[in-house]
Amino acid sequence: SDKSLIVSFGEMLIDFVPTVSGVSLAEAPGFLKAPGGAPANVAIAVSRLGGKASFVGKLGDDEFGHMLAEILKQNGVSGDGILFDQGARTALAFVTLRADGEREFMFYRNPSADMLLTPEELNLDLIRSAKVFHYGSISLIVEPCRSAHLKAMEVAKESGALLSYDPNLRLPLWPSADEARKQILSIWDKADIIKVSDVELEFLTGSNKIDDETAMKLWRPNLTLLLITLGEKGSMYYTKYFHGSVDAFHVNTVDTTGAGDSFVGALLCKIVEDPTILENESKLREVLKFANACGAITTTKKGAIPALPTEAEVLALING
Ligand code: ADP
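Quick note on full-length UniProt numbering: the sequence shown kicks off at 8 and runs consecutively.
Structure, rendered in C-alpha cells:
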C-alpha cells in the first residue's frame, strides 16, 4: 500500500515552566509557555524530519487551544483530527523544576477538553488512512476519552496500521499505581511496537535491574518491537529474532524534555519509509542510531517542540 501517514492520538497541552529551577512556579521570577503533550510532540517530530503526520485530539475552544492548533499547522502537522470542545478548557500543566533537575507537574484537568473526546467524534476516515497509529498517555485514564482511545486503536488495527504505544506514565494523574499498572498492561498485547523508558520498565515489572530478564517480562508473542530508552545510556531493542542495545550520543544536555518523543518520531518515520527494518537487525541498529541522535539533539535545547531536529541536524551529529 502507498499509505505513509503517521497518526498520533492523545493530548496536547501547555506547560508553564519557571525560568529558574529549585522553586515552585508561584515563587519563580518568570515563566515560559511551552506547548507539549507527548502525542503532539511525536507528530511534530515526524513532520520536522520530513514525514507526514496528523494529530488526533481535543482542545478547548479558547485562546490556548487555538494557539496549539496553530503550532501544529505551522509545523506541518495535519489538523484534520483536531476537535474543539465548546465547554471545557485546554489542558495546562504547571511545572516545578527541582534543584536535582527532575520535573514535577500540577495539571489543570477538571476535566480538560482532551478528556472529553468521545468515540462518536473520531474522524474514522483519517484513522483508517494511517500507516502507523501512535498513542499512549493519559487518555486511558478516564471516560469518555478512554473509550475513544480504545475505539481509535481498534479501527486503526482493522485498517492494517501498525500500532505504536508509549505509556508515558504520569503517575500522579492515576487514581493509584496499581490501577495505572493494570490499565497500561491491559492494552499491552494490542500494540506492534512499544517504547518504554527505564523508569517505566521498573514500574511495570517491579524490578530495578535493567537487563534482558526484566525486559522479557514485558515481551508478548504478538509484539514486533519492544524498545527501552535509557537516557544518556542509549536504547535497548527486542524483536522475535534478535535483541541488543545501541549507545547514545554525547551531547551538551540542558533539558531532556521531549527526548523520548523525538526518539519515537524518528523511529516511526523510518518504519514508514522501510518496514523491513523490523526484520533486519543491521537496518534496525542504523535506525536506532538515528533515533538516539534525535533524542540527544532534543536534550541540547530548552523545551520539547523547539528542540526537535531536522534530518540535516541529525545527519550532522551522526557524521560528526
Ligand atoms: P524518555 O524521554 O522517554 O524518558 P529518554 O530520556 O531515555 O526517554 O530519551 C530517549 C532517547 O534520547 C535515549 O534513548 C537517548 O538515545 C536520547 N537521550 C536522552 N537523554 C540523553 C542524554 N542526556 N544524552 C544523550 N542522549 C540522550
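Every residue, glycine too, gets a C-beta built ideally from N, C-alpha and C.
Asked: For the ligand ADP, any of its heavy atoms closer than 7 angstroms to the Cβ of residue 209?; Found: no
Asked: Looking at residue 152 and residue 113, is the spacing between their C-beta atoms short of 8 angstroms?; Found: no
Asked: Please output, in chain order, the residues near the ligand ADP using a CB cut-off of less than 6 angstroms to any non-hydrogen atom of the ligand.; Found: 204, 236, 237, 238, 239, 241, 242, 255, 256, 258, 260, 263, 266, 267, 270, 299, 302, 303 and 306
Asked: Taking 7 angstroms as the cut-off, is the C-beta of residue 37 nearer than that to any heavy atom in the ligand FAD?; Found: For the structure depicted, the ligand FAD is absent and the ligand set comprises only the ligand ADP.
Asked: Given a cut-off of 8 angstroms, decide if residue 97 and residue 75 are closer than it, judged by their beta-carbon atoms.; Found: yes
Asked: What do you get for residue 255, buried or exposed, if any count of 16 or more other CB atoms within 10 angstroms of its CB means buried?; Found: buried
Asked: Taking its Cβ as the centre, do 16 or more other Cβ atoms sit within 10 Å of residue 283, making it buried, or is it exposed?; Found: exposed
Asked: Using 8 angstroms for Cβ pairs, my map puts residue 295 next to residue 244. What's the rounded Cβ distance?; Found: 6 angstroms
Asked: How would you call residue 257, buried or exposed, if buried means at least 16 neighbouring beta carbons within 10 angstroms?; Found: exposed
Asked: Taking 8 angstroms as the cut-off, decide whether the C-beta atoms of residue 52 and residue 273 are in contact.; Found: yes
Asked: What is the residue span of the alpha helix (DSSP H) that residue 177 lies within?; Found: No alpha helix (DSSP H) holds residue 177; DSSP gives it neither H nor E.
Asked: Relative to the C-alpha of residue 30, which candidate in 13, 109 and 19 has its C-alpha closest?; Found: 109
Asked: Which parts of the region 98 to 150 are runs of the alpha helix (DSSP H), unbroken and 4 residues or longer, counting only runs that do not cross its ends?; Found: 131 to 135
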